[in-house]
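A.B. asks: Take 44 as the starting number for the sequence shown in the working numbering and just add one per residue.
All residues carry an ideal CB built from backbone N, CA and C; glycine is no exception.
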Amino acid sequence: MANYKKPRFKDATFKRLLSVVLGTLLLVSLLVVSLGTNATPGSSGLDEGLSESVVHIQSFREKLNLPKENDFSIGLEKQNRLPPRNIDLYPRLAKDHITIFLYVHNRPQYLRLVVNSLSKVVGISETLLIVNHDGYFEEMNKIVEGINFCRLKQIFAPYSPHVFTDSFPGVSSKDCQEKDNAGKKHCVGNPDQYGNHRSPNIVSLKHH
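(1) To the nearest whole angstrom, what separates the beta carbons of LEU172 and ILE143, a pair I think is in contact under 8 Å?
(2) Between TYR146, ASN191, ILE190, which lies nearest to SER247 when the distance is taken from Cα to Cα?
(3) Could you tell me which residues DSSP pairs with LEU171 in its beta bridges?
(4) Could you tell me how far apart the beta carbons of ILE186 and PRO151 are, in whole angstroms, since I believe they sit closer than 8 Å?
(5) Can you give me the start and stop residues for the alpha helix (DSSP H) that ILE186 sits inside?
(6) Counting along the chain, where does the alpha helix (DSSP H) carrying PRO120 start and finish?
(7) Within the chosen definition, does the stretch 187-196 reach the stretch 156-167 through at least 3 CB pairs nearer than 8 Å?
(8) In whole angstroms, what separates the C-alpha of ALA137 from that of SER168?
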């Protein structure tokens, strides 16, 4: 019988896990608030719910040893706290309205097809569309900003490697790549059981 060894639980892995947990908490909090939106004009109830979620997340973050945010990621987090768009066009949604989630990366040609298809769905104006980005990409953002057939909420991953281009959770100059030998290459990394070092872009896609 083969002798399987459990991978060691290391600090770097723990930090990555915490980043994922924080991002998940943010997404879940916003989802709960969105699903609880009543059929009332305006967005005061949503604003209050978002404010409570933000306070909870900030309190949770203070207890964790997370990477220091840059100006870009802070800006994205501020955008995440904004109420949905197009409320002026669709001021009332039923309490049991349908919420549609889109998880997007950086494939504008596919996103255009999806958006065009959704725009033709009967009753689409009675739904809430939430678009979750795993990074900030200008062309993708422009496509989403052009949506006017329903209420729209955008969420950006603040700890995306596409936002931290030269530090964790992105790639820094000292990081080991692929199957590098840390001792010989004088790089930093914790390979998995197969000897592979972390690939931020692949990890981002899988976690997202």
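C.D. replies: The answer reads as follows:
(1) 5 Å
(2) TYR146
(3) THR142, ARG194
(4) 6 Å
(5) 181-188
(6) Reading off the sequence shown, one finds Glu at residue 120, where the question assumed Pro. From DSSP, the alpha helix (DSSP H) with GLU120 extends over 114-123.
(7) yes
(8) 11 Å
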